[in-house]
Amino acid sequence: MLGGSPTAGKGYGYSLYVIGGTPPYQNWAVTSGSLPPGLSLDQARGVVRGTPLSNTAGQTYTFTVSAADSSGQVSPNASQSQATYKLTIGG
Numbered sequence: 000m001l002g003g004s005p006t007a008g009k010g011y012g013y014s015l016y017v018i019g020g021t022p023p024y025q026n027w028a029v030t031s032g033s034l035p036p037g038l039s040l041d042q043a044r045g046v047v048r049g050t051p052l053s054n055t056a057g058q059t060y061t062f063t064v065s066a067a068d069s070s071g072q073v074s075p076n077a078s079q080s081q082a083t084y085k086l087t088i089g090g
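Numbering (the working numbering), first residue to last: 0 to 90.
Okay, structure coming up:
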């Protein structure tokens, strides 16, 4: 689960992080699943932010994310397990 509970119709923001590699991290991307409508992933900073749409209340969204470090190494790579995130939108 990501930090805090997003609420439909209210602003939300959460910074993702990487363990290992060489900062700064860049090219953040959702690799599977999807973010709730109204939220987006800042590809340069790894921040999930926005305002969940009102029709998302009570729904759970599951997604995985990748990022590249300053040397271009993408995490997770084939030998690493992906971190799965879940967001349940409050109403």
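By construction, the Cβ of each residue, glycine as well, lies at the ideal position given by its N, Cα and C atoms. As the structure is a computational prediction, the values presented were derived from the model and not from experiment.
Strictly under 8 Å for the Cβ-Cβ distance: is residue i near chain D by that measure?
| i | result |
| --- | --- |
| Thr6 | In summary, chain D is missing from the structure at hand, where a single protein chain is found. |
Taking all protein chains shown into account, decide if residue i is buried (16 or more other Cβ within 10 angstroms of its Cβ) or exposed.
| i | result |
| --- | --- |
| Thr55 | buried |
| Arg32 | In the sequence as displayed, the identity of residue 32 is Gly instead of Arg. Looking at its Cβ environment, which holds fewer than 16 other Cβ atoms inside 10 Å, Gly32 is exposed. |
| Ile18 | exposed |
| Tyr11 | buried |
| Gly37 | buried |
Checklist entry - Enumerated in chain order, which unbroken segments of the beta strand (DSSP E) with a length of 3 residues or greater are wholly contained in the region 13–89? => result 25–32, 38–41, 46–49, 59–67, 83–87
Next on the checklist: Does the contact criterion of 3 or more C-beta pairs under 8 Å hold for the region 68–82 versus the region 15–30?
Outcome noted: yes
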